[in-house]
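K.L.:
Numbering (the numbering used here), first residue to last: 150 to 204.
Written out as structure tokens, the structure is:
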């Protein structure tokens, strides 16, 4: 995630901040949806995709 953000942001700090924020938001969504430990990974991938679609 950080490498992908570094490819589009000039400032490495901003890229790291963007990646961390993106992952934190997706993690919160995934945690709220997962009912069992194995569900989290699937919901995290779905949430990462959804976060990218936000306006």
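The beta-carbon is built from N, C-alpha and C at its ideal position, and this holds for glycine as well.
Every value quoted in this text rests on a predicted model; they were computed, and no experiment measured them.
Quick one: Cα of residue 157 to Cα of residue 169, how far?
P.N.:
15 Å
K.L.:
Once DSSP output is grouped into helix, strand and coil, what is the label at residue 204?
P.N.:
Low local confidence applies: a pLDDT of 49 at residue 204 is under 50, so the model's placement there is unreliable, with the coordinate-based value given in what follows. When secondary structure is reduced to three states using DSSP, residue 204 falls in the coil class, being assigned neither helix nor strand.
K.L.:
Since residue 178 and residue 153 are thought to touch, with beta carbons under 8 Å apart, how far apart are those beta carbons, to the nearest angstrom?
P.N.:
With 8 Å as the limit, residue 178 and residue 153 do not qualify as a contact, their Cβ atoms being about 19 Å apart.
K.L.:
What's the C-alpha gap between residue 176 and residue 191?
P.N.:
11 Å
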